[in-house]
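Just so you know, the protein sequences line up as chains A and B, in that order. Quick note: the first sequence, position 99, residue 99 per my numbering, numbers continuous. Numbering-wise, my numbering comes out as the position in the second sequence, counting from 1, plus 279. Ideal Cβ positions, reconstructed from N, Cα and C, are used throughout, including at glycine. Report on the structure given below.
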Amino acid sequence: MRLVNVKRTLKRAATLAILLIILSWILLPYYWMVTMALKSPRELFTYPPALFPEEPTLRHFIRILTQGSSFLINSLAASLSTVMLTMLLSIPAAYGISRYRVTPGFRKNTLLFYLEQRFLPPIAVVIPLFALVRAMGLYDSLLSLIFSYTLFNIPLAIWLLNGFLQEVPRDIEEASWLDGTTRLRSFFTILLPVIFPQFLSTAILLFVFSWNEFIFALIFTATIRSQTLPIAAWNLVSQFKIDWQAMAAVGVITSLIPTLLFLAARRYILRGLTFGMVK
Amino acid sequence: MSAVDYKTGQFVLFRNFGHVLFDRFLLESLKTTLIYVSAAVSLSILVGLFVAEFIHHSVKGPGSRSIFTVCLILPLATAPVAAGIIGRLMFTPQYGVVNVILQRLGLINGEILWFSTPPTALLTVTMMDTWQWTPFVVLIFLAGLGSIPTEIYEAARLDGASTWTIFRNMDLAYLRSLLMLCLMLRLTDEFRVFDIIMVMTQGGPGFSTETMGIYLYRISFKYFDLSYGTTLAIIILLIMMGISLALIRILWREVIEPAR
């Protein structure tokens, strides 16, 4: 009897240890980034590096937020506009695919066409897009980012919205069509209130993807007029003399908003990351 | 594809394609990409499978379960650029924490200069990428495992099935289609890896961590040879199209259609 107890305790201890290792493996990198951002410059140069900041300071954050506010504003502007433009274009498309009577073959091929894009590497199309951006005079402007992000986000948005719309039975609208309500009207008065949380989560996902985007921002922007936060990070990283703490602070600021948003929309994250294939 | 003849005529284009055949850097970057992709994909799926199995079988309470879910979402929300920054901060010799931990554990004596030798640089990038994307695999597998009815487990335990048997005959069988989905998504995502390598090593030391995407960037936007860059883009596109066209058909048949 006692032997069984000992064995069970050992097993529980081992389980707990592995769980702790898993947790620290996930969280330690964050911890280190935050610590680096909080350390005072004097502490940075101690060796071996201190695991806990003894005299934490917010000065690096303040420095980044005051000197680099344009990056933050650009990021916000580009992501928000992308979300709005993408939703504006995708909602009608998804509505059409899911609500109008089309042949199953047409629906399948349309969706597959959009799915193709999930596998398209942005780096492979960035040169033609670059040429286009230059030709349109959009180089180093937020519009170049907004357009290219929208282009790359629309397929995902259509897939997600289509998936969400398919889950709402047609009956609830059909009743109102019989009363003579137009499709547009019944979309706004009946469908939208039902499906609003899902639409909001889609918007959140699109926002995060635009916010985190790097390749287009790297190539289409040149000055603080249009550079976003990931480019601010890149500027710090590619300098000859690296400002480690500014780098850490930018990392924290860049990660903060997407993390909060993802946590808010966590029910739909997997759907978003797998094009709706895992629910 | 319409931009094929951007700035150049068709004649130059053919010369570019001829150049591809003798391009040592392209061959090197292909090799690096293959090593990197196979390492990152297999690592994230194996570790992901282990972690998902572990959490599924030993974390039962809904409260502690959601703690794990929240933690797992964090790396996914992080921009690859930020993940790269974290990698730099952790592995850099003088300021980094990884060497300190290894020293405390007694595994190494001196310092490992992670970014200075080709094998360790590639390893470092792979590890950071695994850190970022393993949670994705874990979450997918957890969703799949969650759909297994608990009665089956109880029945299997009553029949005296061992942990290993349960894993092989039940969990893996249930996860089959998700495993395939994961493999495809990871594979295609890793083939276009760019951000994290740019931030961590920029392709160096030398050109040892230069994947196809980074090579294309170097040619097109550092040397500004846009026409050869386009040629490289076409090659990348062809490879990806070959992979993805095959994958999408399988995906539709195995994952999307049955789910409707």
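Legend entry - Distance between B:F503 and A:L124 (C-alpha atoms, nearest Å): The identity of residue 124 of chain A in the sequence shown is Ala, whereas the question assumes Leu. Between A:A124 and B:F503, the C-alpha separation is close to 15 Å.
Legend entry - Cβ of B:V320 within 9 Å of any chain A Cβ: no
Inset, instruction - Measuring only between beta-carbons, confirm whether B:Y285 sits less than 9 Å from chain A. - result: Confidence in B:Y285 is poor, its pLDDT being 49 and thus under 50, which makes the residue's placement unreliable; the coordinate value appears in the next sentence. So, interface residue.
Inset, instruction - Report the option in A:T46, A:T202, A:M247, A:G96 whose CA atom is closest to the CA atom of A:F187. - result: A:G96
Inset, instruction - In the DSSP assignment, find the unbroken alpha helix (DSSP H) run with B:D544 in it and report its ends. - result: Shown here, chain B extends from 280 to 539; a query on residue 544 of chain B therefore has no answer.
Inset, instruction - Could you say if the stretch 243-254 of chain A and the stretch 32-41 of chain A meet the contact criterion of at least three C-beta pairs nearer than 8 Å? - result: yes
Legend entry - Three-state class that DSSP yields for B:F486 in the structure shown: coil
Legend entry - Proximal residues, the stretch 206-225 of chain A versus chain B, C-beta separation under 9 Å: V208, W211, N212, E213, F214, I215, L218, I219
Legend entry - Contacts around A:P56, its chain only, beta-carbon distance under 6 Å, and the 5 residues preceding and following it disregarded: L38
Legend entry - Cβ pair A:L111, B:L464 closer than 9 Å: no
Inset, instruction - In the DSSP assignment, find the unbroken alpha helix (DSSP H) run with B:Y496 in it and report its ends. - result: 491-496
Legend entry - Chain-order list of residues whose beta-carbon lies under 7 Å from that of B:L421 (same chain, five-residue window excluded): A331, I334, H335
Legend entry - Chain-ordered chain B contacts of A:Y268 [CB-CB under 9 Å]: Those within 9 Å of A:Y268 in chain B number zero; the least Cβ separation is about 11 Å.
Inset, instruction - Provide the residue span of the alpha helix (DSSP H) that contains B:S343, from first to last. - result: 341-356
Legend entry - Spatial neighbours of A:S148 in its chain, beta-carbon cut-off 8 Å, leaving aside the 5 residues before and after: L129, V133, F216, F220
Inset, instruction - Kindly list the residues whose CB is nearer than 6 Å to the CB of A:I224, restricted to its own chain and excluding five residues on each side of it in sequence; keep chain order. - result: S70
Legend entry - chain A contact for B:W443 (CB, 9 Å cutoff): no
Legend entry - Contacts that B:I527 makes with chain A (C-beta to C-beta distance below 9 Å): L112, L115, E116, R118, F119
Legend entry - Cα-Cα separation, A:L165 to A:T82: 22 Å
Inset, instruction - Could you say which of B:L300, B:G297, B:H298, B:V316 lies nearest to B:G492 if we only look at CA atoms? - result: B:V316
Legend entry - Proximal chain A residues relative to B:M519, where beta-carbon distance stays under 9 Å: F119, L120, P121, A124
Legend entry - Coarse secondary structure for B:M477, derived from DSSP in three states: helix
Legend entry - Own chain partners of A:R12 with C-beta closer than 8 Å, once the 5 adjacent residues on each side are dropped: none
Legend entry - Buried versus exposed call for B:W443 [16 or more other C-beta atoms within 10 Å across all chains shown]: exposed
Inset, instruction - Starting from the Cα of A:L192, find the closest Cα among A:E173, A:F209, A:P122 and give me that residue. - result: A:E173
Inset, instruction - Mind checking the stretch 453-483 of chain B against chain A and listing, in chain order, the residues whose C-beta falls within less than 8 Å of any C-beta there? - result: L457, L460, L464, T467, F470, R471, F473, D474, M477, V478, Q481
Inset, instruction - Mind checking the stretch 229-242 of chain A against chain B and listing, in chain order, the residues whose C-beta falls within less than 9 Å of any C-beta there? - result: L229, P230, I231, A233, W234, L236, V237, S238, I242
Legend entry - Residue range of the unbroken alpha helix (DSSP H) whose run includes A:E173: 171-178
Legend entry - B:L392 (DSSP reduced to helix, strand or coil): coil
Inset, instruction - Excluding the 5 residues preceding and the 5 following A:R253 in the sequence, name in chain order all residues of the same chain whose CB lies nearer than 8 Å to its CB. - result: With the sequence shown as reference, residue 253 of chain A is identified as Ile, and Arg is not the correct amino acid for it. Taken in chain order, the residues that qualify are F61, I64, L65, L72, L229.
Legend entry - Proximal chain A residues relative to B:M406, where beta-carbon distance stays under 8 Å: Within 8 Å Cβ-Cβ: nothing; B:M406 doesn't reach chain A, min ~10 Å.
Inset, instruction - Starting from the beta carbon of A:W177, find every residue of chain B whose beta carbon is closer than 7 Å, and list them in chain order. - result: Within chain B, no residue comes near A:W177; the closest Cβ sits about 25 Å away, beyond 7 Å.
Inset, instruction - Determine whether the Cβ of B:R497 lies closer than 9 Å to any Cβ atom of chain A. - result: no
Inset, instruction - Identify the contact partners of B:P341 in chain A, using a Cβ-Cβ distance below 7 Å as the criterion. - result: Per Cβ cutoff of 7 Å: no residues; B:P341 is ~14 Å from chain A at best.
Legend entry - Cβ pair count under 8 Å reaching 3, the stretch 412-429 of chain B against the stretch 255-274 of chain A: yes
Inset, instruction - Could you tell me which chain B residues have their CB closer than 9 Å to the CB of A:M136, listed as they occur along the chain? - result: Within chain B, no residue comes near A:M136; the closest Cβ sits about 14 Å away, beyond 9 Å.
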